[in-house]
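Undergrad:
Numbering (this note's numbering), first residue to last: 500 to 766.
1) Would you mind giving the Cβ-Cβ distance between residue 626 and residue 644, rounded to the nearest angstrom? I have them listed as a contact below 8 Å.
2) By how many angstroms is the C-alpha of residue 529 removed from the C-alpha of residue 506?
3) By Cβ distance below 6 Å, which residues in the same chain neighbour residue 695 in space, the five residues on each side in sequence not counted?
4) On the criterion of 16 or more Cβ atoms from any shown chain inside 10 Å, does residue 517 qualify as buried, or is it exposed?
5) Just list the residues that DSSP pairs residue 688 with in beta bridges.
6) Taking only the alpha-carbon atoms, compute the straight-line gap between residue 755 and residue 678 and give it to the nearest angstrom.
7) So, for residue 534: in the same chain, excluding its five sequence neighbours on each side, which residues have a beta-carbon less than 6 Å away from its beta-carbon?
8) In whole angstroms, give me the CA-to-CA distance for residue 521 and residue 655.
9) I'd like the list of long-range same chain contacts for residue 719, defined as Cβ closer than 7 Å, with 5 residues on each side in sequence excluded.
10) Can you tell me where the alpha helix (DSSP H) holding residue 509 begins and where it ends?
11) Which of the three DSSP states is assigned to residue 623 in this structure?
12) Under a Cβ-count criterion, where at least 16 other Cβ atoms within 10 Å of its own Cβ denotes burial, should residue 552 be classed as buried or exposed?
13) Which value, in whole angstroms, describes the spacing of the CA atoms of residue 637 and residue 662?
14) Sort 513, 526 and 583 by Cα distance to residue 504 and report the nearest one.
15) Grab me the residues of residue 646's own chain with a C-beta within less than 7 Å of its C-beta, minus the 5 sequence neighbours each way, in chain order.
16) Return the residue from the list 622, 642, 672 and 562 that minimises the CA-CA distance to residue 631.
17) Please confirm whether residue 583 and residue 603 have their CB atoms less than 7 Å apart.
18) Is residue 662 helix, strand or coil by DSSP?
19) Considering only C-alpha positions, which residue in the set 628, 537, 592 and 659 is nearest to residue 621?
20) Beta-carbon within less than 7 Å of residue 753's beta-carbon, same chain only, minus the 5 sequence neighbours each way: which residues are those?
21) If we require 4 or more residues per run, which alpha helix (DSSP H) segments fall completely within the region 588 to 637?
22) Grab the span of the beta strand (DSSP E) containing residue 755 for me, first residue to last.
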């Protein structure tokens, strides 16, 4: 049974006491939907299966808390902290996330479809097999994050950092990437079909077996990367570099290459 009821929480949030300390509290399964929750501390709390849908969660401290199977659909998250928080199987679809810290958090099998994420930190997070379809991601970092098996199809990414991240066996079909950094990342056997990739850096990354067929690639640097068995069939590639890359069994069938730099002896 939860330590507080919805009415008790409502009384707390209207009091002029500044930060509301609910650290370690059990709020499992409670309905806090459609509330403005500001300056709440849920540090190390149990919020599994909590309903925060359509709420505004501003300046909240959720560090080390448990939010497994939580409902944060259409929630507005601003200036909040989810450091080392467990959000496995949580629903954050159509949420708005701004300047929020998810570093070292666990978002395994979570749902973020249609979310709008800006200036947020997912560094070292575990986002295994999460659903991020049609997401807008701007000026955020996923450095060293585990995104194995994620679905980022038809999303829009601008100024995103995936350096040293794991994106193996992931679906990025139809994705639109501008100014993305994938340096030293692992993208092996992922799907980039019909993607648009501009002004991005894939140096020293593992791109083995990746399908770029039908994609538009412009201003991309693949220097030192492993492109073995990658497929650029029917792609349009402009002003990009494959120099110093491993290109064994790469396919450029029916591709259009303009101002593309290749090593003299590539296979």
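Think of the CB as a built atom: it goes at the ideal place given N, C-alpha and C, for glycine as much as any other residue.
TA: Based on what the coordinates show:
1) If you number the chain shown from 1, residue 626 lands on position 127. If you number the chain shown from 1, residue 644 lands on position 145. Residue 626 to residue 644, Cβ: 6 Å. Contact.
2) Within the chain shown, residue 506 is the residue found at index 7, counting from 1. Within the chain shown, residue 529 is the residue found at index 30, counting from 1. Cα to Cα, residue 506 sits roughly 11 Å from residue 529.
3) As a working mapping, residue 695 is identified with position 196 in the chain shown. Taken in chain order, the residues that qualify are 675 and 715.
4) Stepping through the chain shown from its first residue, residue 517 is reached at position 18. When all chains shown are included, residue 517 counts as exposed.
5) Residue numbering aside, residue 688 sits at position 189 when the chain shown is read from its first letter. Residue 688 pairs with nothing; no bridge assigned.
6) Working through the chain shown from its first residue, we reach residue 755 at position 256. Working through the chain shown from its first residue, we reach residue 678 at position 179. About 22 Å.
7) Locating residue 534 in the chain shown gives position 35, counting from the first residue. Cβ within range, chain order: 554.
8) Stepping through the chain shown from its first residue, residue 521 is reached at position 22. Stepping through the chain shown from its first residue, residue 655 is reached at position 156. When rounded, the distance between both Cα atoms is 36 Å.
9) Indexing the chain shown from 1 puts residue 719 at position 220. Result list for residue 719: 696, 699, 701 and 739, in chain order.
10) Start at 1 with the first residue of the chain shown, and residue 509 comes out as number 10. Counting along the chain, the alpha helix (DSSP H) containing residue 509 begins and ends at 505 to 512.
11) By 1-based counting over the chain shown, the position of residue 623 is 124. DSSP places residue 623 in coil when its eight states are reduced to three.
12) Taking the first residue of the chain shown as 1, we reach residue 552 at position 53. By the 10 Å Cβ count, residue 552 comes out buried.
13) One-based indexing of the chain shown puts residue 637 at position 138. One-based indexing of the chain shown puts residue 662 at position 163. In a straight line, the C-alpha of residue 637 is about 15 Å away from that of residue 662.
14) Within the chain shown, the letter at position 5 stands for residue 504. Residue 526 is the option with its Cα nearest to residue 504.
15) Along the chain shown, one-based indexing puts residue 646 at 147. For residue 646, where only same-chain residues beyond five positions count, the Cβ hits under 7 Å are 626, 664, 665, 666 and 669.
16) By 1-based counting over the chain shown, the position of residue 631 is 132. Checked all of 622, 642, 672 and 562; the closest Cα to residue 631 is 672.
17) Counting from one through the chain shown, the residue named residue 583 turns up at place 84. Counting from one through the chain shown, the residue named residue 603 turns up at place 104. Closer than 7 Å, so yes.
18) Looking up residue 662 in the chain shown gives position 163. Of the three classes helix, strand and coil, the one that applies to residue 662 here is coil, per DSSP.
19) Along the chain shown, one-based indexing puts residue 621 at 122. Ranked by Cα distance from residue 621, the options 628, 537, 592 and 659 are led by 659.
20) Here the question's residue 753 lines up with position 254 in the chain shown. 732 and 733, listed in sequence order.
21) none
22) Taking the first residue of the chain shown as position 1, residue 755 is located at position 256. Unbroken beta strand (DSSP E) run through residue 755: 755 to 757.
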